[in-house]
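Enquirer: Before we start, here is the structure in question, set down as structure tokens.
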Amino acid sequence: MSIDVPSPVAPTHELNTVRPSIRAASVGLAKRNIRGIRRLPSAFLPALIMPVFQAIAFSGSFFAITQIPGFPTDRSINWFMPLAILMGSGFAGIGIGLAAIRDIETGFYDRLRLAPAPRSSLITGPLLGALGRSLVVTTLVMTVGILLGARWNDGVLSVVPLYVAGLGIAAAGTGWGLGLAFRFRDMRAAALMQLTLFIGLFLSEAQTPLYVMEGWLHTVARINPFTNILRLAREGWVGEVSWDNTWGGVLALVVISALTLWFARRGLDKLDD
Amino acid sequence: MTTTLVTDPPRVPPDRPVLHTSNIAQTWAMSKRAILAMWRQPSLVIPSMVFPLFFIALGTSAFSRAINVPGFPEVDSYLDFALAGAVVQGVLFGSVTGATALATDVENGFFDRLLASPSTRPGIIVGRLAGGMAYGAFQTAFFMVVLLPFGLEIKGGPVGAVALVASGTLLALAVGAIMSTMAIRTGSSEAVQGAFPLLFIALFFSSAFFPRSTMSGFYATLADYNPISYLVEGMRDLVIGGLTWWALSRAILLPALLAVGGVALALRSLNKRLAAS
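The listed protein sequences derive, respectively, from chains A and B.
Numbering follows our numbering, with no gaps: position 271 of the first sequence is 271.
Numbering follows our numbering, with no gaps: position 275 of the second sequence is 1275.
Here is the structure:
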């Protein structure tokens, strides 16, 4: 007597055993991140609306500071619009950290870590997403700013440092957000992410130029690297575009982004422990 | 043969809390609960204490030279000017916390248990609002005490300082009542939290940080129509102008009127909820 043993069911399609390249995996994760805006707009809208509100509110409320003798511009919106863009771009990066916390809490992040994609793509993918978000924030806030009376001093060239500063701070925000998300692994990290960026930016030349400040804030703002980043973002809107206003901000962005992204990578590696 | 069951009268443990039978005692118990909740969860209230102080410290350094621009009232320092804005900011944010706690009570069913208990209904709301008032008074006094060593000078003197505390207390009642109305109507802590950005926007579109006389265009118009401008300016008069009847009436009467309206709205919402259930 013979027993017919059913043969194992053949897969309907070949298993994909090819390891995706870091570029393909990063683009896939970035796309997922951008799609998240449509699926959960409440998570991204504050990063979009708050800088617009901040540009309007600050330039209106603190309009009188342009009358301080020697103030570098007579348009308060020229002074506050770059600050709002940096704030929005920074929060776009931090938003990536919040999204990572949601994924960690739901367990989806474990599946991502088990995927045969290069580990670095878990950093570079969300980073690309954050850069995309920063471009949206910068474009929107600048458009609103121009409608409200912001005027550039160096033509279209004035826009370049603004975008560079926005992208740089989004990268730094992503590294910081992801690093904290990987360490705390829950929403306790959210307040720390937001507060540190908020305080870091405000303890700089955010509201008034250094020479207008007095006391402790002057001392802190002088050594705060965000002062250089703000100077980079403002050149072309407050004064002319020049190398003197550029290099300090670019250097600060490169160093801060490198440190925070390294912090994120270390945190990602420690998730395995 | 008949058996008579003899039972001892129920023994009340000596440490059992006494039942509150009077309306005042019940309202006081609710107030105590609201205050204890804040005390036990400092992370909920610390932002409303720290952020106004952070902004005032920042502003005093950043805007110290702005007090000389045309249109700025005569003040010794930006610190004196900014105190009223800090008080209003702290009270507004603190009131959201209180109302969120009420909405959480509605969400988790505790509010319905209170309604089912033989307690006074208005006491449930008034008690919580009284807790908010106590916190508003504490915030105002705390800001003054912290800022005094940094050069704060209240031109209204000790009476002016007491009037400021009274104003902060009434404002806490007014805003707390309005936010509680929202909490009772929506029954959602998320909806109450959602009002936070609105309050933030309303605060910035007022004269909380800079005087209206230095603003221009549509922004000045918005600040002119914003009631927060008048609340802040009433308190500010006591700090930078001194003790006058006009300053006192603006600092006390305006929040008192708002409080009457707000409490009426909150009690009406409670009655509507009771009628619907």
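All C-beta atoms in this analysis are idealised placements derived from N, C-alpha and C, irrespective of residue type, glycine included.
Because the structure is a prediction, the values reported are computed rather than measured.
Near THR1097 of chain B, what residues of its chain come up, given a Cβ to Cβ distance below 7 Å and the 5 sequence neighbours on each side ignored?
Expert: Counting from 1 along the second sequence, the entry for residue 1097 of chain B is found at position 97. Cβ neighbours of THR1097 of chain B beyond the five flanking positions: LEU1044, VAL1045 and SER1048.
Enquirer: Between the beta-carbon of MET193 of chain A and the beta-carbon of GLY145 of chain A, is there less than 8 Å?
Expert: For this step, residue 193 of chain A is matched to residue 193 along the first sequence. For this step, residue 145 of chain A is matched to residue 145 along the first sequence. No; because the gap between Cβ atoms is not below 8 Å, this pair is not in contact.
Enquirer: Establish whether the CB of TYR1219 of chain B and some CB of chain A are separated by less than 8 Å.
Expert: Along the second sequence, read from residue 1 onward, the residue named residue 1219 of chain B stands at position 219. So, interface residue.
Enquirer: Below 8 Å between beta carbons: does that hold for SER1269 of chain B and ARG1212 of chain B?
Expert: Along the second sequence, one-based indexing puts residue 1269 of chain B at 269. Along the second sequence, one-based indexing puts residue 1212 of chain B at 212. No, these two residues do not count as a Cβ contact at 8 Å.
Enquirer: Taking only the alpha-carbon atoms, compute the straight-line gap between TRP216 of chain A and GLY1059 of chain B and give it to the nearest angstrom.
Expert: Within the first sequence, numbered from 1, the residue matching residue 216 of chain A stands at position 216. Within the second sequence, numbered from 1, the residue matching residue 1059 of chain B stands at position 59. Distance between the alpha carbons of TRP216 of chain A and GLY1059 of chain B: 12 Å.
Enquirer: Measuring straight from C-alpha to C-alpha, what distance separates ALA1086 of chain B and PRO1052 of chain B?
Expert: The residue given as residue 1086 of chain B occupies position 86 in the second sequence. The residue given as residue 1052 of chain B occupies position 52 in the second sequence. Rounded to the nearest angstrom, the two C-alpha atoms are 5 Å apart.
Enquirer: Mind checking ILE1252 of chain B: buried by the 16 CB within 10 Å criterion, or exposed?
Expert: Residue numbering aside, residue 1252 of chain B sits at position 252 when the second sequence is read from its first letter. ILE1252 of chain B should be labelled buried.
Enquirer: For THR1097 of chain B, which three-state DSSP category applies?
Expert: In the second sequence, residue 1097 of chain B corresponds to position 97, counting from 1. The answer is helix: DSSP assigns THR1097 of chain B an H, G or I state.
Enquirer: For the stretch 50-66 of chain A, which residues have a CB atom closer than 7 Å to at least one CB atom of chain B, in sequence order?
Expert: PHE53, ALA57, GLY60, SER61, PHE62, PHE63, ALA64 and ILE65
Enquirer: Determine the closest residue to ALA1176 of chain B out of B:LEU1203, B:VAL1126, B:ALA1220 and B:VAL1145, with distance taken between C-alpha atoms.
Expert: Position 176 of the second sequence holds residue 1176 of chain B. The question names Ala, yet the displayed sequence has Gly at residue 1176 of chain B. Measuring from the Cα of GLY1176 of chain B, the nearest candidate turns out to be B:VAL1126.
Enquirer: Between the stretch 124-137 of chain A and the stretch 63-78 of chain A, can you find at least three pairs of beta-carbon atoms closer than 8 Å?
Expert: no
Enquirer: In terms of residue numbering, what span does the alpha helix (DSSP H) encompassing LYS270 of chain A cover?
Expert: Locating residue 270 of chain A in the first sequence gives position 270, where the first residue counts as 1. Per DSSP, the unbroken alpha helix (DSSP H) holding LYS270 of chain A starts and ends at 243-270.
Enquirer: Using a Cβ-Cβ cutoff of less than 8 Å, which residues in the same chain neighbour GLN1193 of chain B once the five nearest sequence positions on both sides are dropped?
Expert: Against the second sequence, residue 1193 of chain B aligns to sequence position 193. Once the five neighbours on either side are set aside, the close Cβ partners of GLN1193 of chain B are VAL1096 and THR1100.
Enquirer: Distance, Cα to Cα, ILE1154 of chain B vs ALA191 of chain A?
Expert: To locate residue 1154 of chain B, count along the second sequence from 1; it is residue 154. To locate residue 191 of chain A, count along the first sequence from 1; it is residue 191. If you take the alpha carbons of ILE1154 of chain B and ALA191 of chain A, they lie about 35 Å apart.
Enquirer: At what residue ranges does the stretch 1235-1271 of chain B contain a whole run of the alpha helix (DSSP H), taking only runs of 4 or more?
Expert: 1245-1248
Enquirer: At what residues does the alpha helix (DSSP H) containing GLN1026 of chain B begin and finish?
Expert: As a position in the second sequence, residue 1026 of chain B is number 26, starting the count at 1. Element bounds for GLN1026 of chain B: 1023-1040.
Enquirer: By the 9 Å beta-carbon criterion, what residues does the stretch 1070-1085 of chain B contribute toward chain A?
Expert: PRO1070, GLY1071 and PHE1072
Enquirer: Between which residues of its own chain and MET1174 of chain B is the CB-CB distance below 7 Å, once the five residues before and five after are set aside?
Expert: Here residue 1174 of chain B corresponds to residue number 174 of the second sequence, with the count starting at 1. It is worth fixing the name first, because residue 1174 of chain B is Ala in this sequence and not Met. Closer than 7 Å at Cβ, skipping near neighbours: PRO1255, LEU1258, ALA1259 and GLY1262.
Enquirer: Count the other C-beta atoms from every protein chain shown that fall within 10 angstroms of the C-beta of ASP1105 of chain B, then say buried if there are 16 or more, exposed otherwise.
Expert: Counted from its first residue, the second sequence places residue 1105 of chain B at position 105. With 16 or more Cβ atoms within 10 Å of its Cβ, ASP1105 of chain B is classed as buried.
Enquirer: Going by beta-carbon coordinates alone, are GLY1132 of chain B and ALA1195 of chain B separated by less than 8 Å?
Expert: By 1-based counting over the second sequence, the position of residue 1132 of chain B is 132. By 1-based counting over the second sequence, the position of residue 1195 of chain B is 195. Not closer than 8 Å, so no.
Enquirer: Using a Cβ distance threshold of 8 Å, determine whether the stretch 34-41 of chain A contacts the stretch 103-121 of chain A, with at least three qualifying pairs required.
Expert: no
Enquirer: Helix, strand or coil, according to DSSP, for LEU112 of chain A in the structure here?
Expert: In the first sequence, counting from the first residue as 1, residue 112 of chain A sits at position 112. The answer is helix: DSSP assigns LEU112 of chain A an H, G or I state.
Enquirer: Please list the segments of the alpha helix (DSSP H) lying wholly inside the stretch 1169-1228 of chain B, counting only runs of 4 or more residues, in order along the chain.
Expert: Runs of the alpha helix (DSSP H) spanning 4 or more residues and lying entirely within the stretch 1169-1228 of chain B occur at 1189-1204 and 1217-1225, in chain order.
Enquirer: Is there a Cβ of chain A sitting closer than 8 Å to that of ILE1125 of chain B, yes or no?
Expert: What you label residue 1125 of chain B is simply residue 125 of the second sequence in a count that begins at 1. Answer no: the Cβ-Cβ gap between ILE1125 of chain B and chain A never drops below 8 Å.
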